[in-house]
Structure formats: C-alpha cells, structure tokens
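Here the structure comes first, spelled out in structure tokens, and everything after it is commentary.
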Amino acid sequence: MLCLSINILIWTYSTVLGVLTYTPRLVSVGFKGGLGSVSARGTLYNDDADTPSNIVTWRGNVATQHTESRKKNLFLQSLSEEEQENVVSGQSSGRGEIEDKDIVECLEKDVTFWTDFSKVHFHPQSLYQLNGLWMDVQEFDNYGIGKESLSWGSQGEEIDERLRFFVEECDHIQGFQFIVDDSGGFSAIAGDFLESVADEYSNTPVLLYSVRSPSSSNMLRENKKQIVSRNLHDAVSFARLSSFCQLYVPVGLPSLSRSKATTHLCIDDQKPYHCSAVYAAALHSIGLPLRMEAHGATTDSNYVSGAVHINDLVRMLAGQGRQNMVAILDVAMPAPSVFGKHLGQSFLENLQPLTPEVTEDAEDLQALEYMAVHGVFGSGGDRASVSEVKDEICAAYEGEAVKPKHCHLSTAQCPLPIPLPFPSIFGNLISQHGQLLTTPISGALSRGSLDVHSIPIAARLRSSSAILPFLERRLTNLLRHGTVQGSSASPLLRSWGFGREEVEDMGESLSKMVLALNPHSLSSSDSD
C-alpha cells in the first residue's frame, strides 16, 4: 500500500530538498504523495506508536495487510550511521565506508519518493497520512478521487489541530505558504484545508504555489474523454484554490529540460528528483526576503537588503493597479554577474519563467515585480556587494524599453548552498561556486554537489498580462465543458461535488480575472 501524506512544515530552505529549520513567523503547508521509508508519525521524540496495545476491543476475525518496509538507500543509510555515531560517541566521525560519490550515484539512479533524499527529522505533528488508499500516486490523479479520499467533517478537525499547533509556536505569524501539487487528488484536499484556514485565520494572508511535474502535463496518450476530464480538473482546481488565497503562483513547465530557464542545467524530465530541485531552489530564493530581519526604514545591512513581510508582498503584487492575484515565477539559475552581459543577454534577460502557459516578451506597462537576488558575482570574481547589486539592477531597468510600473528588489550576499542530496544537474560551464564560464570543464557533462558547492541565483514574481493564456485556457474549458446546457461533462462535475450554480460562480470568478488584465478577452472566449 502506498500511503499519501499531507505535510505541515515550517519551511525555510525547501520541503523538497529536505533542509528544515524553524522560522517563527511563517508557516508553510505542503501536499504531496508517497512516504517511502519515513514514518507517518515523524522521526522526532522516538514515538513508538506501533507498539501493540494490551487492550482488546474486538474479538472477531482479523485480517492483516502487510508489506515489507522499503529498504533505505545509501544516502539514508549514511544518515543513520551518523546518528548512531553521535549517540555512541557524542560526535560524528564521518560516514564510515559509504563514500559521497557512491551516495550521489545512488540518488541519480534510484529515487522513487521525496523521502529518499530528505534529511529532515519530522515532528510528529507535521505529517498526516491518508489511510486506506490502495492506489499508486499516479492513480490519485483527479479532483474526484481526492474528494472521496478524505471526509473533512470527520478528519478535518485533526488536520486543523496539527496546523494550529505550529501556529501557536509562532511569536507572530506573517502568513501561510501553501505548496500544493494540484495536478491530482491533492487539489481537492488542499481546497478543503484552505477553506478551513480562510475561516479560522481570516486576517492572515495566504500565498499559494501550485507545483506540477512535467509528466502531469503530458496528454499525448489520453483519449478525448480523459482530455476533457483533465481540462475540467485544471479549471475547477484553479478556480477553487485561488478563491482561498491572496496570491497564486503556478509553477511547473510541460518540459523543464527544453525551457530557457535550464540553459545551463542538465535536466531529465522523467526524474521528479531533478525538476523538484530547480523548483525548490526558486521557491527558497523568492522566499528569502520574508525571512530577513528588517533593519529599519532607511538602513540595510551590509549583507542583506529589502526585507519584506508576506502581507507587503501580497499588497505589492495583488493589491494595487489591476489587482491581479496570479503571479509568474521567473528564475536565473545560476544567475550571471550583474556587470556586463552574458552570452549577449543582460541580467534581466536571463530571468526565465517556470510558470506554464505565459506569453513570451509581453510588453506590459502596468506590470508589478518583486525580485530576490543573492550570491551574485561582481567584477573581478568577487561576490557583488548589496549596494552594487542594487545600483546595477536599477540601471538595467532604466535601460529597458518597457519598464514595470513598480519593482521591489531584495538582495543578499550569501549564495544558494548545494547540499549532498542535491541532484547532478549542473552543466560543465558552471564552476565550483556557480560562476558561468566561457570554457567547458573537462569530464562529465553534468555535475553535482561534490563539484558545485554553491550558486548565485535570482528569482522574480511578476504580476503581468503575460499570464493571460493560463487564465484564458481555464476559463474557456470551464465555459465549454462545464456551463453549456446539456454538456456531456456535467455528470462528471456533479460526481466531483459541483452543482450548476457553483460552476457558474467559478466561471464568473475566472471571467473577472481575465477582464482585469484584458477587457477585450471575454468576447473572444465567448466566440470560441
């Protein structure tokens, strides 16, 4: 049996890369499947909940379904060895006979679950397991299955209580970050959870990242009925999730390996291990300013600048101008030097979207942007100072033919560290500290954490009319299959729990989003 889990985590580096530290003002919630070799109770405090009880409450026949525990890979074995050494001697003396190069090779060949490369000790309250689902993650692939898998009336209070536990640990809560795989059943579960959060924490902003793997966008082998179901799932999933958050960021390209965002990377789209590392790095970087300590209204540290509160971020991108709540995530990984051009491109031109279905090179005078840059190089091969980064990026914007209406810049001198479980996705034009070279390094085409120890990175959220194709596609599919009288898809929507009035309300909500960005779009959608 493959168990599906909801992870309630305090997030700083990334839930995907598995580096966890406590941030007392920001709570993040992630939805994903497959626990692998990690207990659903977490790994802290040696909770021995599997010990059988001496109390007998059932005297009838008992049927036990049992599967063998998944064997730990070399990486997890090495962590266990370190832990045992710490218990015995009080300090670690290394990984024994397991070599780092063997761990890297093992991870590249054999990662099935996200727990295969996680080094987090989970709190007992941080995982919620959906029991009784005898299916693979690939089968947990639509809104209806998610709706059937969890009864919020009976199980929701327990999930709410787990979130409440972490909220009460915060000295002051900035807001919630939700990271949701909305391509399947977790969308329905997340929708119920978000609705509960919106009711209980009505004045607390919610930032939602909907993250998908390349495989979830592949419809080449689907028949017409499956394509209609998939299109409707995308439409209702977006409509429902976006109604319970203040800022919504779609993440996940149909083919990450062929995108401009991975020009200097070696990505295998069939490996979520590869794709998740890129997305995790971008999410970590865009969230860095939320974790910075503010240094006053007029002064910044020599190492960081531009700290923001999550409420400020939401107001900045979604609370002014056209009040568009759907933002585009761009990344430059690794980021080039802020001085001069790399391969004929300016620093800003190196930022490429990780959000699907966006218009390239859209000229939008009403665009709003928020950028985080850290660890970039200046002249002479040294890390650029905070003031140099600010000056050069301001100058780059001044040189643009079309400038955004507003841009907030946050910067830090520290680069993105590359821990051991990070996949070998760096090309041979990337140096040990992430500099972009002009001459390839001899040897392997791809390099990992043993060769690249850190990289400079830039990430950007932008509210722009470039998101229109994403919005229009969902609106068109909802109108075509969901609201047309006598549509063959109506029974499907009813089986997912949506009546005609609710579908019409969702259509009206999506129409308003499209109209806010392009008042002429609705007439063309209706004509389709």
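FYI, full-length UniProt numbering numbers position 264 of the sequence shown as 264, with every residue one higher than the one before it.
We put the beta carbon where it would ideally sit given N, CA and C, even for glycine.
- Three or more Cβ pairs drawn from the segment 415-427 and the segment 436-448 lie within less than 8 Å of each other, which places the two stretches in contact.
- The segment 83-157 is shown to contain whole beta strand (DSSP E) runs of 3 or more residues at 127-130, in chain order.
- Nearest to residue 258 by alpha-carbon distance, out of 250, 268 and 301, is 268.
- Residue state for residue 326 is assigned as strand, using DSSP reduced to three classes.
- Taking 4 residues as the shortest admissible run, the segment 415-493 contains the following complete alpha helix (DSSP H) segments, listed from N- to C-terminal end: 468-478.
- The Cβ atoms of residue 467 and residue 328 sit closer than 8 Å to each other.
- Remark: three or more beta-carbon pairs, one from each stretch, lie closer than 8 Å, so the segment 63-74 and the segment 104-112 are flagged as touching.
- When the five nearest sequence neighbours on each side are left out, the beta carbons in the same chain lying within less than 8 Å of the beta carbon of residue 390 are those of 305, 409 and 411, in order along the chain.
- Burial state of residue 171 is exposed, judged by a 10 Å Cβ sphere holding fewer than 16 other Cβ atoms.
- Our two residues, residue 237 and residue 146, have alpha carbons roughly 11 Å apart in a direct line.
- Only buried fits residue 474, as 16 or more other CB atoms lie within 10 angstroms of its CB.
- For residue 335, the closest C-alpha among the options 183, 248, 115 and 413 is that of 413.
- In summary, residue 69 is exposed, with fewer than 16 beta-carbon neighbours lying within 10 Å of its beta-carbon over all protein chains present.
- Classified as buried, residue 496 has 16 or more neighbouring CB atoms from the shown chains inside 10 Å of its CB.
- Going by beta carbons, residue 243 and residue 509 fall inside the 8 Å limit.
- Beta-bridge analysis with DSSP links residue 159 to no other residue.
- Taken through DSSP and simplified to helix, strand or coil, residue 250 comes out as strand.
- In the pairwise beta carbon analysis, the segment 156-167 is classified as not touching the segment 221-233: fewer than three pairs are separated by under 8 Å.
- Nearest Cα to residue 518 within the set 288, 211, 364 and 315: 364.
- Nearest C-alpha to residue 105 among 415, 400 and 421: 421.
- When secondary structure is reduced to three states using DSSP, residue 369 falls in the strand class.
- In this model, residue 178 and residue 249 are separated by some 10 Å (Cα to Cα).
- Excluding the 5 residues flanking it on each side, residue 156 has same chain C-beta neighbours closer than 7 Å at 192 and 196, in chain order.
- Contact between the segment 430-445 and the segment 201-211 is absent: fewer than 3 CB-CB pairs across the two stretches fall below 8 Å.
- Of the other Cβ atoms in all chains shown, fewer than 16 fall within 10 Å of the Cβ of residue 443; this residue is therefore exposed.
- Assignment of residue 383 by DSSP, reduced to helix, strand and coil, places it in the strand class.
- According to the DSSP assignment, residue 257 belongs to no alpha helix (DSSP H), since it is labelled neither H nor E.
- Residue 175: member of the beta strand (DSSP E) spanning 175-180, first to last residue.
- Taking C-beta atoms as the reference points, residue 333 and residue 278 count as a pair closer than 8 Å.
- Residue 377 carries a strand assignment under DSSP once its states are collapsed to helix, strand and coil.
- Using a C-beta cut-off of 8 Å, the segment 469-487 makes no contact with the segment 386-404, since fewer than three inter-stretch Cβ pairs fall below that distance.
- In terms of Cα proximity to residue 502, the closest of 514, 136 and 482 is 482.
- In this structure residue 359 is in contact with residue 469, their Cβ atoms being roughly 6 Å apart against a cut-off of 8 Å.
- Distance from the Cα of residue 309 is smallest, within the candidate group 184, 370 and 120, for 370.
- In the assembly as shown, residue 472 is a buried residue. Its beta-carbon has 16 or more other beta-carbons within 10 Å.
- Note that the C-beta distance between residue 210 and residue 180 is below 8 Å.
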